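Written below as structure tokens is the structure these notes are about.
Residue numbers (full-length UniProt numbering): 1 to 187.
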């Protein structure tokens, strides 16, 4: 006969059941926390991406409109029309963006705002307003590139294609094969 009392076996079974239930609760809470964090991260990324794309679209549309008006010899639309278009998108970026992205967005905005304002001949000594306007207009794509670069940096968008573990660039058309591999295998 064993020296284990009659209540020992049910007590050990109850302790293991409680330990199992506690482990299940812990794992469930951990999974819920990870899922919640993943959803918040995805929402953070999507909110910013949507706001940045909307503002870039407004900037691009306005830049095209300014360039077309300049090429046609017409006056650009008034600054208030531009402010009505850019206002909501710019406010959303100002609320959501980090410092570098916000600064880059405001740099593009200030430049476009100058282009919508009256080109005062006395503002730049020795420069005709048309030449000054054209010079400012050519600066817009450069400032927008800086804005795009700061967006890529904040969102972690890589411009280089992904590299496979063996060091080759993966092709989109044939998984695991690059154009070099296919050209090499044909010869």
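Backbone N, C-alpha and C define an ideal beta-carbon position, used for all residues, glycine too.
Since this is a predicted model, take the numbers as computed values, not measurements.
Task: DSSP-derived helix/strand/coil call for residue 7 - done: coil
- [ ] Would you decide whether residue 144 is buried or exposed? Buried here means 16 or more other CB atoms lie within 10 Å of its CB.
- [x] So residue 144 ends up on the buried side.
Open item on the list: Out of 71, 64, 95, which one is the CA nearest neighbour of residue 82?
Closed with: 64
Open item on the list: Which residue wins for smallest C-alpha separation from residue 47, given the options 95, 158, 137, 71?
Closed with: 95
- [ ] Would you mind giving the Cβ-Cβ distance between residue 75 and residue 68, rounded to the nearest angstrom? I have them listed as a contact below 8 Å.
- [x] Rounded, the Cβ-Cβ distance is 12 Å, inconsistent with contact.
TODO: Figure out for me which residue from 33, 105, 100 has the closest Cα to the Cα of residue 55.
DONE: 105
TODO: Would you tell me roughly how many angstroms separate the C-alpha atoms of residue 157 and residue 100, rounded to the nearest one?
DONE: Cα-Cα distance, rounded: 15 Å.
Open item on the list: Here's a check: name, in chain order, each residue in its chain whose Cβ is nearer than 6 Å to the Cβ of residue 93, leaving out the five neighbours to either side.
Closed with: Answer for residue 93: 51, 55, 105, listed in chain order.
Open item on the list: Measuring straight from C-alpha to C-alpha, what distance separates residue 213 and residue 85?
Closed with: The question about residue 213 has no answer here: the residues shown for the chain are numbered 1 through 187.
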